[in-house]
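To convert, take the position in the sequence shown, counting from 1, and add 1012; that gives my numbering. Positions of the beta carbon are idealized from the N, C-alpha and C atoms, including for glycine. All of these numbers come straight from a predicted model, not from anything done at the bench. Reviewing the structure listed below.
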Amino acid sequence: MEYLFATDPQQLGQMAARWVAREILLQPELVLGLPTGSTPIGMYHHLARLTQEGLVSFTKAQTFNLDEYVGLAPGHPQSYASFMREHFWGKVDLPAGSAHIQRGDAADMEAECSRYDAALEQAGGIDVQVLGLGLNGHIGFNEPSHNLEIRTHVVDLTPETIKANAHFFPDIASVPSQAITMGIGSIMQARKILLLVSGENKKEILTKTLFGPVTTEVPASILQLHADLTVLADILLEEQGI
Ligand code: GLP
């Protein structure tokens, strides 16, 4: 594991964008796995800037989002599709057909899970996966549980996750109770993983993730088993000796 320290969220966004831009420059046809949430917003901002300055291009890349809320159509203001349009898709040169996300409003969610996994497989799987970290240790929307799902599936969100994500919604009652998420197997099959973590309130869960037991109760702890994990955080961990 490589641990990169950023002094603040702004620097974290810049460093993350540079890290991703380097991967795109090395492999323009990159299959890139992408997260939502507050943490990656700075990264998207700087990737948009680098694209507008002509320093990076996504024309040959494909992106796959980690997750979407069940029940929200892509046009819903709080859908992750809207988030991606606002922060990334609408600001870079990624062709529309190359931006993949699950349909939260699919009539048959099981079929939607299969469709998404088939698209992932057709793309050859994820090359580089960018992740955020939930306060309870979730990645994508793979919540703490007795078992972890390998492929795309529908999940019941925990009360903790609903509360943590409520600030994106008008009120907590509007937060959907379910989501559709890429599975842990698809994430772990990525050649490289970049985990972004911001804020002192994530220090405890980041320590558990990186140095605690590997357990389904902290889904992100499985990342300890990944061969090429980079952690980029604005958090000082005693275990890192920094
Ligand atoms: C949501 C997303 C996760 C993300 C997490 C953390 O639950 N499904 O992919 O990592 O939020 O979000 P934030 O960066 O806002 O703390």
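Given a threshold of 16 other Cβ atoms within 10 Å of its Cβ, counted over all protein chains shown, does Ala1176 qualify as buried or as exposed?
-> Around the C-beta of Ala1176, 16 or more other C-beta atoms lie within 10 Å, and the residue is accordingly described as buried.
Cβ shell of Leu1207 (< 6 Å), same chain only, five flanking positions each side left out = Contacts found: Leu1143 and Val1243.
Separation of Thr1219 from Arg1097, as counted between CA atoms | Straight-line Cα distance between these residues: approximately 33 Å.
From what residue to what residue does the beta strand (DSSP E) around Phe1076 run?
-> Counting along the chain, Phe1076 sits inside the beta strand (DSSP E) bounded by residues Gln1074 to Asn1077.
List the endpoints of the continuous beta strand (DSSP E) containing Lys1220.
-> Here Lys1220 belongs to no beta strand (DSSP E); instead the alpha helix (DSSP H) covers Lys1215 to Phe1223.
Pick from Ile1205, Gly1025 and Thr1227: whose alpha carbon is nearest that of Leu1044?
-> Comparing alpha carbon positions, the residue from Ile1205, Gly1025 and Thr1227 closest to Leu1044 is Ile1205.
Does the beta carbon of Asp961 fall short of 7 Å from some heavy atom of the ligand GLP?
-> Absent from the structure is residue 961, since the part of the chain shown begins at 1013 and ends at 1254.
Quick one: does the C-beta of Thr1242 sit closer than 7 Å to a heavy atom of the ligand GLP?
-> No, since every heavy atom of the ligand GLP falls outside the 7 Å radius drawn around the Cβ of Thr1242.
Using the Cα positions of Ala1178 and Asn1213, report the straight-line distance between them to the nearest angstrom.
-> Cα-Cα distance, rounded: 16 Å.
Taking only the alpha-carbon atoms, compute the straight-line gap between Gly1195 and Leu1024 and give it to the nearest angstrom.
-> Distance between the alpha carbons of Gly1195 and Leu1024 is about 26 Å.
For Ile1205, the three-state DSSP class (helix, strand or coil) | In the displayed model, Ile1205 falls within a strand according to three-state DSSP.
Which of helix, strand or coil DSSP assigns to Ile1138 = Ile1138 falls in the coil class under three-state DSSP.
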